[in-house]
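What follows is a single structure, written as structure tokens, with notes after it.
Numbering (the numbering used here), first residue to last: 414 to 648.
In structure tokens:
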């Protein structure tokens, strides 16, 4: 049994080494990987990363699938997707996890909101607010709901959407408050809203790449994750 296991490991290493050489810069060999990315993460970081990777590895073709992080985790686990770009927490017993970026989520309010000039805010202080949130395909929706319940109240969700700019517009129009990752606004800030850090441990927003553990055909996927980890820029 041990000899068979060692032989299988050796064959796998040799296979991956051959693929790695074939997929290197300048190669004409074509490999395909599918990558799941939530739209707001794609908006923040990924267009230049994908372009740069394809320039360096023309032998690896990428298909981008945009959907919520919870769906992405499920499809990586079922091997429908090769790579997932998601937000912690994830099922670390199922995936190889590579941290890409850490930032925070912030409360987004109108410039006229009573909290607009605050330096920080707690979840307890949001008890009477109307929330406008990303829909329940997003990890953030479930984190916010859990944090509100921990603070002793059920959030009143007035509207949900998968579009960050729509949610920001509603907040600017004083139709509610929302909570979003701060990096969205590093390149898309508006003068009619304010961003307020939230005083809560779960305000951390950590972006990771996941690959299914023990999946044999991973060479191209690992190359993509390695490239992203070394080139991602926290705008």
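We treat Cβ as the ideally placed atom computed from N, Cα and C, and that holds for glycine.
Predicted model, so just to flag it, every value in this text is computed and none were measured.
Residue i: CB within 7 Å of a non-hydrogen atom of the ligand COA
i	result
residue 588	For the structure depicted, the ligand COA is absent and the ligand set is empty, with no information on it obtainable.
Limits of the unbroken beta strand (DSSP E) element including residue i
i	result
residue 598	Looking at the DSSP string, residue 598 is not in any beta strand (DSSP E), and its letter there is neither H nor E.
residue 610	606-610
residue 445	444-450
residue 587	Element bounds for residue 587: n/a, residue is neither H nor E.
residue 571	569-574
residue 463	Run containing residue 463: none in the beta strand (DSSP E); it sits in the alpha helix (DSSP H), 460-469.
residue 625	617-625
residue 477	473-479
Alpha carbon of residue i to alpha carbon of residue j, nearest angstrom
i	j	result
residue 567	residue 558	7 Å
residue 475	residue 540	44 Å
residue 604	residue 465	32 Å
residue 435	residue 469	Reliability fails at residue 435, whose pLDDT of 48 lies under 50, so the model's placement of it is uncertain and the value that follows must be treated cautiously. Residue 435 and residue 469: Cα-Cα distance of roughly 13 Å.
residue 644	residue 462	7 Å
residue 538	residue 481	28 Å
residue 641	residue 492	20 Å
residue 587	residue 525	8 Å
residue 556	residue 580	17 Å
residue 578	residue 607	14 Å
residue 428	residue 459	The predicted model places residue 428 with a pLDDT of 49, which falls under 50 and marks its position as unreliable; any figure quoted below should be read in that light. If you take the alpha carbons of residue 428 and residue 459, they lie about 30 Å apart.
residue 646	residue 564	34 Å
residue 594	residue 582	15 Å
residue 571	residue 631	43 Å
residue 448	residue 622	10 Å
residue 452	residue 471	24 Å
residue 531	residue 513	30 Å
residue 542	residue 600	27 Å
residue 576	residue 515	22 Å
residue 560	residue 443	46 Å
residue 486	residue 502	10 Å
residue 614	residue 488	28 Å
residue 356	residue 554	Because the chain in this structure spans residues 414 to 648, residue 356 falls outside the shown range and cannot be described.
residue 450	residue 479	5 Å
Sub-8 Å separation of residue i and residue j beta-carbons
i	j	result
residue 592	residue 528	no
residue 446	residue 490	no
residue 545	residue 620	no
residue 626	residue 549	no
residue 598	residue 574	no
residue 596	residue 455	no
residue 523	residue 585	yes
residue 612	residue 562	no
residue 633	residue 500	no
residue 507	residue 552	no
residue 624	residue 636	no
residue 617	residue 477	no
residue 521	residue 590	yes
Range of the contiguous alpha helix (DSSP H) that encloses residue i
i	result
residue 640	632-644
Complete alpha helix (DSSP H) runs within the segment 487-567 (minimum length 4 residues, chain order): 552-563
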